[in-house]
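> Quick one: this structure, given as structure tokens, is what I'll be asking you about.
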Amino acid sequence: MFALVDCNNFYVSCERVFRPDLNNKPVVVLSNNDGCIISRSEEAKALGLKMAEPVFQRFELVKKAGVFVFSSNYTLYGDLSQRVMETLRGVAPVIEIYSIDEAFLDLSGLDIDFQKWAEEIKKIVWRITGIPISIGIAPTKTLAKIANKAAKKGNGIFIIRNDRHRDCMIRNTAIEKVWGVGRQYSKLLFRNRIFSAYDYTLLDDNWLRSQMKVMGLRIKTELLGESCIPLELIIPSKKAIATTRAFGRKTKSKRLLKEAVSTYAARCGEKLRKQSSLANLITVFIHTDPFNQNDLQYNKSKSITLPVATNCTQELIKYALKLLDDIFLPGYFYKKAGVIIEGLEPQMLWQPDLFEALNREKYNRLSVVVDGLNNYFGRDTVKVAIQGSGEEWKLRQEKLSNRFTTNWNETLVVKV
DNA sequence: TCTGGGGTCCTAGGACCC
DNA sequence: TCTGGGGTCCTAGGACCC
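Numbered per our numbering, the first sequence spans residues 0 to 415.
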């Protein structure tokens, strides 16, 4: 048996941990740049605010209903997520952290009353972290996902215990709600008169394989109660790392694009060093605002294979700027840029270039020192000069809450 | 004024190897 | 008449997830 633990309205719940006055009030959290609604309290859902809706389109309702609005505060959410996961690890040692707010637990071989066990875990996580969770329990991960959805509608716990129960659940689950079935596959399935998870299990294996590949086949097997998607217990190192952002304000200025792109490249370098990897390929893209049909549109990306695999910020910036130089055209209003690095390999396996003059050892030591300083004193305390201040292009984050748990200057203040 | 960011996996097809 | 067999690696594109 598997349990899927999912934090309820996670980002909103994080904001509420330090703002209990927001309980029972409508609260939403926005995407980067204060663009779209990405987390909603139950009260906000009841008002009709939709997931991924641009908030400016609902400004009137937000104002009238007194909705509390927050910019996303990933420092806070990441830290609270870690606390939840550590707590879960304490009660169920075999755990896969599936996303910032979800974890699969392996319950096989545990001789326990699942209902009581789940109630206990809900209580513990709530007591230790202040985050409400829902738990779905079932014989496969795909079914645990379905159980979790049912749990969210009820009292937070739902168990699929036997085949009869499983059969009943899949008959009542719309196919587009099944884990692994997205928009495109839903369309395909509707065309073939497949509407429920149960309908799906009647499909012919050959047809499934030809249309939805092995993933489609796995979904069927899992829906039938046979587990074939195992828990991933080892966190694999990333195969690609990206830092991409829309700007707070659109810009024509190449200087500002250079600042942004070098900052993103630096961010990629940090992430790369954190997992002790090197990159072989770097891509830079820039584009205009696709929503503004009055502006002339431009959309371009370019990649380059690095001569030697690296995780050195200065070097990543150098190539990123060269790529930017290649694709930049004057005259457009740019809204977004990004740096993506791929072809990642473990630092341990590094192969030097026989003829290279650059003293990499020196740069590596520098990186360690710079990362240490920035870690201690705050991001970008030490940076490459061309990164600039970011004043003119950085994210809009007008409703940012404090980083209560990770910054001494932002801890909760209680006046007595 | 105003619309997010960061990932993974699978497959087909082409280039290439012996 | 008629020209092998068995592979790997890489990339682009399409799907999915949160």
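Glycine included, each C-beta is placed from N, C-alpha and C at the ideal position.
1) Excluding the 5 residues flanking Arg248 on each side, which residues of the same chain have their C-beta closer than 8 Å to its C-beta?
2) Can you tell me whether Gly135 is helix, strand or coil according to DSSP?
3) Measuring straight from C-alpha to C-alpha, what distance separates Arg18 and Asn191?
4) Leaving out five residues before and five after Thr242 in sequence, what residues of the same chain have Cβ atoms less than 6 Å from its Cβ?
5) Which residue from Thr200, Lys299 and Leu187 puts its Cα closest to that of Gln210?
6) Using 8 Å as the Cβ pair cut-off and three pairs as the minimum, do the segment 339-356 and the segment 267-284 touch?
7) Helix, strand or coil for Phe194, going by three-state DSSP, please let me know.
8) Measure the Cβ-Cβ separation of Val27 and Arg15 and say whether it is below 9 Å.
9) Considering Asp5, what are the terminal residues of the beta strand (DSSP E) in which it resides?
10) Excluding the 5 residues preceding and the 5 following His286 in the sequence, name in chain order all residues of the same chain whose CB lies nearer than 6 Å to its CB.
11) Compute the Euclidean distance between the alpha carbons of Phe403 and Leu75, then round it to the nearest angstrom.
12) With DSSP as the reference, identify every bridge partner of Glu101, one or two as the case may be.
13) For the segment 308-324 against the segment 254-261, do three or more pairs of beta-carbon atoms, one drawn from each stretch, fall closer than 8 Å, so that the two count as touching?
14) Since Val68 is in the beta strand (DSSP E), which residue starts that stretch and which ends it?
15) Answer with buried or exposed for Ser252, where buried requires no fewer than 16 other C-beta atoms within 10 angstroms of its C-beta.
16) For Ser261, list the residues DSSP reports as bridge partners.
17) Report the three-state DSSP secondary structure of Pro19 (helix, strand or coil).
18) Should the segment 131-143 be regarded as contacting the segment 159-167, the criterion being three or more beta carbon pairs within less than 8 Å?
19) According to DSSP, which residues form a beta bridge with Tyr333?
20) Pull up the DSSP beta-bridge partners for Pro53, would you.
21) So Ile156 is in the beta strand (DSSP E); what residue range does that whole segment cover?
22) Look up Lys237 in the DSSP assignment and say whether it is helix, strand or coil.
23) For Gly377 and Asn408, what's the separation of their Cα atoms in angstroms?
24) Can you list, in chain order, the residues of its chain whose CB lies under 6 Å from that of Lys414, leaving out five sequence neighbours each side?
25) How do the segment 87-102 and the segment 0-11 stand: do at least 3 beta-carbon pairs fall below 8 Å, yes or no?
26) Lys393 by DSSP, collapsed to three states: which one?
27) Whose CA, out of Val369, Phe332, Pro306 and Gln346, lies closest to the CA of Thr312?
28) Going by CA-CA distance only, name the one from Asp288, Gly215 and Pro131 that's closest to Val11.
29) Measuring straight from C-alpha to C-alpha, what distance separates Leu29 and Tyr73?
30) For Thr405 versus Asp100, is the C-beta distance shorter than 9 Å?
31) Classify Glu85 as buried or exposed, calling it buried when 16 or more other Cβ atoms lie within 10 Å of its own Cβ.
32) My output table needs one value for Leu305: the three-state DSSP class, helix, strand or coil.
33) Based on DSSP bridge pairs, tell me the residues matched to Lys299.
34) Compute the beta-carbon to beta-carbon distance between Thr282 and Ser261, rounded to the nearest angstrom, for a pair I have assumed lies under 8 Å.
35) Opposite Ala173 in the DSSP bridges: which residues?
36) Taking C-alpha atoms, which residue in Trp349, Asn373 and Leu87 lies nearest to Trp116?
The short version:
1) Excluding positions up to five away in sequence, the list reads Glu391 and Trp392.
2) Note: Gly135 maps to strand in three-state DSSP.
3) Each residue's Cα considered, the two are about 49 Å apart.
4) Around Thr242, the same chain offers Tyr263, Arg266, Cys267 and Val338 as residues with beta carbons nearer than 6 Å, after the five sequence neighbours per side are excluded.
5) Residue Leu187 is the option with its Cα nearest to Gln210.
6) The count of Cβ pairs closer than 8 Å, one atom from the segment 339-356 and one from the segment 267-284, reaches three, so the stretches are in contact.
7) Here Phe194 sits in coil by DSSP.
8) One thing to note: Val27 has its Cβ no nearer than 9 Å to the Cβ of Arg15.
9) For Asp5, the enclosing beta strand (DSSP E) covers residues Phe1 to Cys6.
10) These residues qualify, in order along the chain: Asn298 and Lys335.
11) Their backbone Cα atoms lie some 7 Å apart in a straight line.
12) DSSP output for Glu101 lists Asp5 and Ser98 as bridge partner(s).
13) With a cut-off of 8 Å, the segment 254-261 and the segment 308-324 count as touching, because enough Cβ pairs lie within range.
14) For Val68, the uninterrupted beta strand (DSSP E) segment begins and ends at Phe67 to Phe69.
15) Exposed is the call here.
16) Paired residues: none, contrary to the question.
17) Here Pro19 sits in helix by DSSP.
18) Three or more beta-carbon pairs separated by less than 8 Å link the segment 131-143 to the segment 159-167, which places the two stretches in contact.
19) Partner(s): Thr250 and Thr287.
20) Its beta-bridge partners are Cys35.
21) Ile156 to Ile158 is the extent of the beta strand (DSSP E) around Ile156.
22) The answer is coil: DSSP assigns Lys237 none of H, G, I, E or B.
23) The alpha-carbon atoms of Gly377 and Asn408 are separated by roughly 12 Å.
24) Sequence-distant Cβ neighbours of Lys414 in its own chain, meaning closer than 6 Å and more than five residues away, do not exist here.
25) Touching, per the Cβ criterion.
26) If DSSP states are grouped into helix, strand and coil, Lys393 belongs with coil.
27) Minimum Cα distance to Thr312 is reached at Val369.
28) Comparing alpha-carbon positions, the option among Asp288, Gly215 and Pro131 lying closest to Val11 turns out to be Pro131.
29) If I take the Cα positions, the gap works out to 11 Å.
30) No, the pair does not count as a contact, with Cβ atoms beyond the cut-off.
31) Exposed, since its Cβ has fewer than 16 Cβ neighbours within 10 Å.
32) Residue state, collapsed to three classes: strand.
33) Checking the DSSP bridge columns, you'll see Lys299 partnered with Ile285.
34) Wrong, their Cβ atoms sit about 15 Å apart, outside the cutoff.
35) Per DSSP, Ser195.
36) Selected option, being the one with the closest Cα: Leu87.
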